[in-house]
Amino acid sequence: MAGETTDSTTLQTEAEVEQEVTPWTVQAGKRGIDYNRLIEQFGSQRIDPALLKRIEQVTKQSPHRFLRREIFFSHRDMQLVLDNYEGGKPFYLYTGRGPSSEAMHLGHLIPFIFTKHLQDVFDVPLVIQMTDDEKFLWKDLALDEAYRLAYENAKDIIACGFDVKKTFIFSDLDFMSEPQFYRNVLKVRKCVTFNQVKSIFGLTESDSTGKIAFPAVQAVPSFSNTFPQIFGDRADIFCLIPCAIDQDPYFRMTRDVAPRLGYLKPALVHSTFFPGLQGPKGKMSASDPNSSIFLSDTSEQIKTKIQKHAFSGGRDNLEEHRKHGGDTDLDVSYQYLTFFLDDDAKLAQIKEDYESGRMLTGELKQVLIQVLQELVVQHQERRKSVTDEMVRQFMTPRPLNFDAARK
Ligand code: TYM
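So, in structure tokens, the structure goes:
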């Protein structure tokens, strides 16, 4: 594939431990996930201070904590999106969810929180793809169940606060009957060989043809004319995709194909992984309940999970801890606070207190418990108020209200 690095998704870290990041597997090397190596290998760009400054200038707001703290750390063509936006050209946002479980976990929330922020600051339309077809193909899941989960998960996504006038959520099973969707899927499939799918996604001859054909389905929402109800037949509206870096392979493929179809390459902004409770090195996974805090957990469950399972960067005993302090790079509770505690000064104070030994692991965990209990309870309240009628509205193909002046 020309122009982008796509050869393999497996690499050796300095410690010669294999790190693997694909949309279906995230395996850390011995020292955790080496994000610099991922940038190099995937061929994306780091979000550097100059770009942060530019985002601040264009949005006239200080950057979101996910940007300030390098949680969204990598991008493709973000400058181009900003240049176009400043020049009065429109863009839209595209993100998604593979509905494989009833409850989403805190990690799944990260791209949606950031997407909501981008929708608010740029005032742009958003499409959200629910890949029930993908989960049917990859998991031991009946088609009807995957479809039901798409609608269940849509409620959690709506509860993030998206603007119904600017947001379209769709299940692939529903939307595949839209002729323009299938036409674009076919155009992408014609350009991508089996060899390319094998090398980009690590698929093999023994994988089902469903899996081999699927990537085109995740690719095409990047092209504006896939959504005639929103953009008419215009294929020239820029797309920006927020996601964790595990989804990048889909969009490397998309960016390679786009110019051959006369379409724009989508821009991307990538996040690191919200880690599992057992250690800061991996990603939170829905298949291990003890590694994850779910949006459906009770306050009591959150407390117990953090107290019992959150990996501590503290020392073995009180005396040692007071003397040497804790390690915030290793401490999962501290790492979680970097994602969810917005107050920079408070976070810096906690870091200082913990690293100096003034703050104990139990005290740090208590701060986190409070922050997460509040976050999850508020989410659950908003989710309760999401009615079936609201879901229907969000999931009906329709014109969205986007800035006509920018057209
Ligand atoms: P899924 O359901 O695996 O994940 C949904 C979104 O959450 C991100 N994510 C995480 N982010 C931070 N920390 C974690 N531990 C973590 N785990 C998952 C994923 O990167 C994703 O952004 N095939 C996709 C669905 C999809 C999609 C898209 C995602 C379709 N079109 C466009 C992003 C953009 C999937 O199964 O996501």
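Sequential numbering of the sequence shown, starting at 1315, is according to the working numbering. All residues carry an ideal CB built from backbone N, CA and C; glycine is no exception. All values reported here derive from a predicted model rather than from experimental measurement.
Can you look up residue i in the DSSP assignment and give me helix, strand or coil?
| i | result |
| --- | --- |
| Phe1528 | coil |
| Gln1326 | Model confidence at Gln1326 stands at a pLDDT of 46, short of 50, so the residue's coordinates are unreliable; what they give is reported in the following sentence. Of the three classes helix, strand and coil, the one that applies to Gln1326 here is strand, per DSSP. |
| His1431 | helix |
| Gly1627 | coil |
| Pro1556 | strand |
| Arg1345 | coil |
| Gln1359 | strand |
| Ser1536 | helix |
| Val1705 | helix |
| Ser1388 | strand |
| Phe1608 | strand |
| Ala1316 | Low confidence applies here, because Ala1316 scores a pLDDT of 37, under 50, leaving its location unreliable and the question unanswered by this model. |
Going by C-alpha distance, which of the options is nearest residue i?
| i | options | result |
| --- | --- | --- |
| Gln1510 | Tyr1399, Asp1645, Ala1530, Ser1605 | Ala1530 |
| Val1441 | Phe1541, Arg1548, Arg1574, Arg1706 | Phe1541 |
| Gln1443 | Ala1473, Gln1543, Leu1457, Met1490 | Met1490 |
| Phe1552 | Arg1636, Tyr1577, Phe1565, Phe1528 | Tyr1577 |
| Pro1337 | Glu1354, Thr1445, Val1372 | Thr1445 |
| Asp1658 | Glu1370, Gln1371, Pro1377, Tyr1349 | Pro1377 |
| Glu1516 | Met1709, Met1704, Glu1334, Ser1699 | According to the sequence displayed, residue 1516 carries Gly and not Glu. The shortest Cα separation from Gly1516 among Met1709, Met1704, Glu1334, Ser1699 belongs to Glu1334. |
| Lys1512 | Ala1342, Tyr1564, Tyr1668, Gly1671 | Tyr1564 |
| Ser1585 | Glu1466, Tyr1349, Tyr1399 | Tyr1349 |
| Leu1500 | Leu1651, Ile1514, Ala1533 | Ala1533 |
| Ile1385 | Phe1482, Leu1366, Arg1462 | Leu1366 |
| Arg1696 | Lys1660, Gln1615, Ile1472 | Ile1472 |
| Met1567 | Pro1580, Gly1421, Glu1614, Lys1622 | Pro1580 |
| Leu1575 | Gln1355, Arg1462, Gly1412, Asp1550 | Asp1550 |
| Pro1535 | Phe1482, Asp1656, Thr1523 | Phe1482 |
| Val1691 | Glu1448, Ser1522, Gln1494, Ser1613 | Ser1613 |
| Arg1379 | Leu1661, Pro1493, Asn1398 | Leu1661 |
| Val1435 | Gly1401, Glu1370, His1693 | Glu1370 |
| His1623 | His1635, Pro1594, Leu1632 | Pro1594 |
| Gly1640 | Asp1611, Leu1674, Phe1653 | Leu1674 |
| Phe1356 | Arg1636, Val1583, Ile1607, Leu1632 | Val1583 |
| Phe1653 | Arg1390, Val1372, His1422 | His1422 |
What first and last residue would you give for the alpha helix (DSSP H) that runs through residue i?
| i | result |
| --- | --- |
| Ile1483 | Ile1483 -> not in any alpha helix (DSSP H); beta strand (DSSP E) instead, spanning 1481–1485. |
| Met1392 | 1392–1400 |
| Met1567 | 1562–1571 |
| Ile1514 | 1508–1515 |
| Asn1350 | 1349–1356 |
| Gln1492 | Note that residue 1492 is Glu in the sequence shown here, rather than Gln. It is not in any alpha helix (DSSP H) - Glu1492 carries neither H nor E in the DSSP assignment. |
| Gln1375 | Careful: Gln1375 lies outside any alpha helix (DSSP H) and carries neither H nor E. |
| Tyr1465 | 1457–1472 |
| Lys1665 | 1658–1670 |
| Leu1632 | 1632–1638 |
| Ser1647 | 1646–1654 |
| Gln1680 | 1675–1698 |
| Phe1476 | Here Phe1476 belongs to no alpha helix (DSSP H), and DSSP marks it neither H nor E. |
| Arg1382 | 1379–1382 |
| Phe1545 | 1542–1545 |
Which residue marks the beginning of the beta strand (DSSP E) containing residue i, and which one marks its end?
| i | result |
| --- | --- |
| Ala1581 | 1581–1585 |
| Arg1411 | 1405–1411 |
| Gln1443 | 1440–1444 |
| Val1335 | 1332–1335 |
Does the beta-carbon distance from residue i to residue j come in below 8 Å?
| i | j | result |
| --- | --- | --- |
| Asp1570 | Ser1358 | no |
| Leu1609 | Met1418 | yes |
| Leu1396 | Arg1368 | yes |
| Ser1605 | Gln1592 | yes |
| Ile1616 | Ile1559 | no |
| Pro1439 | Ile1544 | yes |
| Phe1387 | Ile1361 | yes |
| Phe1484 | Met1709 | yes |
| Phe1588 | Leu1420 | yes |
| Leu1457 | Ser1414 | no |
| Gly1412 | Glu1448 | yes |
| Leu1689 | Lys1480 | no |
| Leu1381 | Pro1556 | no |
Is residue i near the ligand NAD, judged by its Cβ being under 7 Å from some heavy atom?
| i | result |
| --- | --- |
| Gly1412 | For the ligand NAD, the structure offers nothing, since it holds only the ligand TYM. |
Just checking, does the segment 1495–1505 make contact with the segment 1447–1456 on the three C-beta pairs under 8 Å criterion?
-> Contact between the segment 1495–1505 and the segment 1447–1456 is absent, with fewer than three C-beta pairs closer than 8 Å.
Is the segment 1630–1650 close to the segment 1677–1685, with three or more CB pairs under 8 Å?
-> Per the Cβ contact rule, the segment 1630–1650 is in contact with the segment 1677–1685 (3 or more Cβ pairs under 8 Å).
Contact between the segment 1661–1677 and the segment 1627–1635 (3+ Cβ pairs under 8 Å) | The segment 1661–1677 vs the segment 1627–1635: in contact.
Check whether the segment 1425–1434 touches the segment 1458–1478, taking contact to mean three or more Cβ pairs, one atom from each stretch, closer than 8 Å.
-> The segment 1425–1434 and the segment 1458–1478 touch, with no fewer than 3 CB-CB distances between them shorter than 8 Å.
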